[in-house]
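A.B. asks:
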Amino acid sequence: MILEVLTERLPRLAREHGVPGGQFALHHEGATHSVVFGEERIGGGQPVREDSKFPAGSLTKAFTAALAMVLVDEGDLGLDRPLAGELPELRAPDAVFGTEQTLRQLLSHSSGLPPGRDSEDLADATRRGYLADCARMRPIPVCGSSFSYSNVGYCVTGFLIEHAARMDWREALESIVLDPLGIEAASITADGPLPYVTGHAVRTSGAATPVRQTLPRIEASAGALALSAADLVAFGLLHTDGSPGVPGLLDARALAPMREPVPGADPFGLADGWGLGLSRYRAKDGTWRVGHDGTADGTSCHLRIDPATGTVAALTTNANTGMPLWEALVAELAERGLDLAGYSYSGSDRAHRPRVPAPPDCAGHYENGDTAYTIDLAAEGDAVLRVGGEPFARLTVYDDLSFTMRELAATQLAYLGRFLRAPDTGVLEQIQVTGRRAQRV
63 MILEVLTERL
73 PRLAREHGVP
83 GGQFALHHEG
93 ATHSVVFGEE
103 RIGGGQPVRE
113 DSKFPAGSLT
123 KAFTAALAMV
133 LVDEGDLGLD
143 RPLAGELPEL
153 RAPDAVFGTE
163 QTLRQLLSHS
173 SGLPPGRDSE
183 DLADATRRGY
193 LADCARMRPI
203 PVCGSSFSYS
213 NVGYCVTGFL
223 IEHAARMDWR
233 EALESIVLDP
243 LGIEAASITA
253 DGPLPYVTGH
263 AVRTSGAATP
273 VRQTLPRIEA
283 SAGALALSAA
293 DLVAFGLLHT
303 DGSPGVPGLL
313 DARALAPMRE
323 PVPGADPFGL
333 ADGWGLGLSR
343 YRAKDGTWRV
353 GHDGTADGTS
363 CHLRIDPATG
373 TVAALTTNAN
383 TGMPLWEALV
393 AELAERGLDL
403 AGYSYSGSDR
413 AHRPRVPAPP
423 DCAGHYENGD
433 TAYTIDLAAE
443 GDAVLRVGGE
453 PFARLTVYDD
463 LSFTMRELAA
473 TQLAYLGRFL
483 RAPDTGVLEQ
493 IQVTGRRAQR
503 V
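Here the sequence shown is numbered in my numbering, starting from 63 and rising by one per residue.
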């Protein structure tokens, strides 16, 4: 039944969602199955292979976290030491973060650091310059107590790794994590011709347009890897109960804290919980899966791990519509008895909650670093979210101040978010959109 879904339904689902090509790998009940479909670049004539490398976006963070945890286990990094004591650049008098934040908070997105930087300004950035520029973006007040997804936090993690390991992040990752696993990863930030699959932007008409990758080198530790689904499964097997890792080279015991829940880290709109580098998802029977999702320019990749049974599943796609394809695949596998515990972005879990008019005091401007949102009240009790001043999504609000957010330019996916009131005053002071918080200005 499951193999039938993989070999017959997956290619059909890909066509329905306009995905030009991809891979799915599944390790289940001691056996590994793999399916490839489509082209690496639409109209290019090169079929996807089992070893084709797909830009994995934020799935890179799970690998960076694993590398950091190995260095913690070896005593080169401390989970709970202030960052300023670990990284010399954070000891500058004008630094506004580093004295309170720790590596534990970076890995669990509870440091309060901003979501990201404007990549167009970072082509020639140095580590010192990057951190100096981050100093102007004061952390939002969540340090150590709640969750706000942060690419900056994982860039800083990469800097910590380089300082502790005395080698480049990529070199350290290859020698400590990738090589022992037999993974040969591509990088979207390296110079020259690169062996990775082209991403695509799929329009509402269904037409797919190739797009280029734009991640600057300084942000490599947050999103630079290009991997196959088989690579992701090999990495995922490290995080199953009883995994020995790679004897003499990579101790899986050091990675166990990655999947343990961090108190207070509520990634609303992204997952059901968070560990030290892996997201957590609750299955229908109450058990937990771990994993991560990753989107690059025109790609969407997904990893799920059932630590107790040893089941690991990974999907790579070369389209921005890979997420709805993943949701559809997870739903079909669940019907056949394989629950990967996909987190629903569709808002269907909100259906039982009463809709309410958007609260009048939600209107206004919210910021976190370079990320800025504006909420305008709309007719019929809904609200409109603007990003960078441009209308982006329409919000449907529920009685717990959560909302579904449907992009105005697309109709395939709805995302989850919520408004947050200060517990002491009741003032509506933050918005959380797909796990990223922003403070009312």
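Cβ coordinates follow ideal geometry from the N, Cα and C atoms, glycine included. Because the structure is a prediction, the values reported are computed rather than measured.
(1) Apart from the five residues on each side of it in sequence, which residues of its chain come closer than 7 Å, Cβ to Cβ, to Ser212?
(2) Would you mind sorting Arg10 into buried or exposed? The rule is 16 or more other CB atoms within 10 Å of its CB.
(3) Rounding to the nearest angstrom, what Cα-Cα distance links Arg502 and Val132 in this structure?
(4) Where does Gln167 fall in DSSP's three states?
(5) Quick one: is Val449 buried, meaning 16 or more other Cβ sit within 10 Å of its Cβ, or exposed?
(6) Assign Ser290 to buried or exposed, taking buried as 16 or more other Cβ atoms, counted over all protein chains shown, within 10 Å of its Cβ.
(7) Taking the beta strand (DSSP E) that Leu72 belongs to, which residues open and close that run?
(8) Considering only their Cβ atoms, is the gap separating Thr219 from Thr126 smaller than 8 Å?
(9) Note the first and the last residue of the continuous alpha helix (DSSP H) segment covering Asp293.
(10) Going by DSSP, name the residue or residues bridged to Asp355.
(11) From the DSSP output, in three-state form, read off Val218 for me.
(12) Assign Leu65 to buried or exposed, taking buried as 16 or more other Cβ atoms, counted over all protein chains shown, within 10 Å of its Cβ.
(13) Based on Cα-Cα distance, which residue from Arg315, Gln108, Leu395 lies nearest to Glu70?
(14) For chain C, find out if any of its Cβ atoms is closer than 8 Å to the Cβ of Gly331; answer yes or no.
(15) From the DSSP output, which residues share a beta bridge with Pro117?
(16) Please report how far the alpha carbon of Ser114 lies from the alpha carbon of Ala484, in whole angstroms.
(17) Under the rule that 16 or more other beta-carbon atoms within 10 Å means buried, what is Val489, buried or exposed?
(18) Under 7 Å Cβ to Cβ from Ala500, same chain only, skipping five residues before and after it: list those, please.
(19) I'd like the list of long-range same chain contacts for Arg415, defined as Cβ closer than 7 Å, with 5 residues on each side in sequence excluded.
(20) On the DSSP bridge assignment, give the partners of Gly100 in chain order.
(21) What is the rounded straight-line gap between the Cα of Leu72 and the Cα of Val392?
(22) Using 8 Å as the threshold, is the C-beta distance between Leu300 and Leu317 below it?
C.D. replies: To lay it out plainly:
(1) His171, Ser173, Leu175, Pro176, Pro177
(2) What the structure shows of the chain is the stretch from 63 to 503, and residue 10 is not part of that stretch, so it cannot be assessed.
(3) 38 Å
(4) helix
(5) exposed
(6) buried
(7) Unbroken run through Leu72 is the alpha helix (DSSP H), 72-78; no beta strand (DSSP E).
(8) yes
(9) 291-298
(10) His364
(11) helix
(12) exposed
(13) Leu395
(14) Absent here is chain C; the protein component of the structure consists of one chain.
(15) Ala288
(16) 48 Å
(17) exposed
(18) Tyr428, Glu429, Asn430, Thr433, Tyr435, Gln492, Ile493
(19) Tyr460, Asp461, Asp462
(20) Gly83
(21) 11 Å
(22) yes
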